[in-house]
Amino acid sequence: MAEWKTLIVEDEAPTRELLVNYCLARPELKLVKVAKDGEEALEYLQNEEFHLAFLDINLPILSGLDILERLENPPYIIFITALRDKAIEAFEFGVIDYLLKPFSKERFFKAVDRALEILGNEADKPSKNVFNEHGLFILEKENHFLIPYGEIIYISSRDNFSVVHTEKRQYVTYKSLKSLEQKLPPAKFLRIYKQYIINLEKLSHLQSDNMGNYSVHLKDEDETQLPVGRKYISKIKELL
Numbered sequence: 492m493a494e495w496k497t498l499i500v501e502d503e504a505p506t507r508e509l510l511v512n513y514c515l516a517r518p519e520l521k522l523v524k525v526a527k528d529g530e531e532a533l534e535y536l537q538n539e540e541f542h543l544a545f546l547d548i549n550l551p552i553l554s555g556l557d558i559l560e561r562l563e564n565p566p567y568i569i570f571i572t573a574l575r576d577k578a579i580e581a582f583e584f585g586v587i588d589y590l591l592k593p594f595s596k597e598r599f600f601k602a603v604d605r606a607l608e609i610l611g612n613e614a615d616k617p618s619k620n621v622f623n624e625h626g627l628f629i630l631e632k633e634n635h636f637l638i639p640y641g642e643i644i645y646i647s648s649r650d651n652f653s654v655v656h657t658e659k660r661q662y663v664t665y666k667s668l669k670s671l672e673q674k675l676p677p678a679k680f681l682r683i684y685k686q687y688i689i690n691l692e693k694l695s696h697l698q699s700d701n702m703g704n705y706s707v708h709l710k711d712e713d714e715t716q717l718p719v720g721r722k723y724i725s726k727i728k729e730l731l
């Protein structure tokens, strides 16, 4: 029987003890760490690999949503919350399930069963990307935004943050371009350079100069022109 490395993140002692006891009652779960706040949880998640995390949304220092925004490759998540509207918001992150406080042992086991089924099915797959059907969910400072895919023109990276460019405004988020790329449906978006991802619906044409350099022209108000990396040229030519 497979054992799945599990993390519990809960600041309230009674709920934390309950989660620990329930986890220990499921031999499929290998409880590795227990965190009491968002900062401690983020440290664990950045330095150790987990298969599953029970993550409270409302935490001191960093919320559960803040934690997910900062992770390159998060584990499967079951959210814990006392607020139903927060649970609905959590599904924008592609979580497996949520437990609404107070929850019973039966409800906990139901969520675990669902997680184990997904973990078992995904065990041999290289990635577990979940694409939100409505758009890209990002955190900018203290605000969460759901940006419809059709509004995104392109995404660029600068230093340790990325910028989502739309006609209305630019959204700045402390996520790498690689992390955002994993959230984007590949049928709609394409990496064209180490610093750029474009919305294929906004692609106008590909241009080359006499030095063999390529650039793409986008269909936006600024008539944006971006360089194309050599390894991406063949893919763009194929699409055009």
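Residues in the sequence shown are numbered consecutively from 492, following our numbering.
Just so you know, even glycine gets a beta-carbon here, dropped at the ideal spot from N, CA and C.
Values in this document were obtained by computation on a predicted structure and should not be read as measured data.
Review point. What's the gap between the Cα of Ile-638 and the Cα of Leu-731?
Key: Straight-line measurement puts the Cα of Leu-731 at about 26 Å from the Cα of Ile-638.
Exercise for review: Look at Leu-697 and Val-707 and say whether their C-beta atoms are less than 8 Å apart.
Suggested key: Contact flag set, yes.
Practice item. Kindly say whether Tyr-513, judged by its beta-carbon, lies nearer than 8 Å to any beta-carbon of chain D. Key: The structure shown contains no chain D; it is built from a single protein chain.
**Study point:** Assumed close pair Ile-727, Ile-688 - CB separation to whole angstroms, cut-off 8 Å
**Key:** About 12 Å; that fails the 8 Å criterion.
Review point. So what's Ser-618 in DSSP terms, helix, strand or just coil?
Key: Because Ser-618 sits at a pLDDT of 46, beneath the cut-off of 50, its placement in the model cannot be relied upon, and the following sentence gives the value as read from the coordinates. In the structure shown, Ser-618 sits in coil (DSSP, three-state: anything other than H, G, I, E or B).
Practice item. To the nearest angstrom, report how far apart Leu-556 and Tyr-645 are at their CA atoms. Key: When rounded, the distance between both Cα atoms is 24 Å.
Check your understanding: For Glu-672, which residues of its own chain have a beta-carbon under 7 Å away from its beta-carbon, when the five flanking residues on both sides are left out?
Key -> Closer than 7 Å at the Cβ level, and outside the excluded window around Glu-672, lie Arg-682 and Ile-688.
Review point. Between the C-alpha atoms of Lys-669 and Phe-628, what's the straight-line distance to the nearest angstrom?
Key: Each residue's Cα considered, the two are about 15 Å apart.
Check your understanding: When the distance is taken between beta carbons, is Pro-566 closer than 8 Å to Ala-602?
Key -> No. Outside cutoff.
Point to revise | Exposure label - Ile-587; buried when at least 16 CB within 10 Å | key: Burial check for Ile-587: the Cβ neighbour count within 10 Å reaches 16 or more, so the residue is buried.
Exercise for review: Have a look at the DSSP bridge pairing and note the partners of Ser-706.
Suggested key: The partner list for Ser-706 (beta bridge, DSSP) reads Gln-698 and Pro-718.
Review point. The alpha helix (DSSP H) with Tyr-640 in it runs from where to where?
Key: Careful: Tyr-640 lies outside any alpha helix (DSSP H) and carries neither H nor E.
Check your understanding: Under the DSSP definition of a beta bridge, which residues are partnered with Thr-657?
Key -> Residue pairing for Thr-657: DSSP places it in a beta bridge opposite Ile-643.
Practice item. Following the continuous beta strand (DSSP E) through Val-586, name the residue where it begins and the one where it ends. Key: Here Val-586 belongs to no beta strand (DSSP E), and DSSP marks it neither H nor E.
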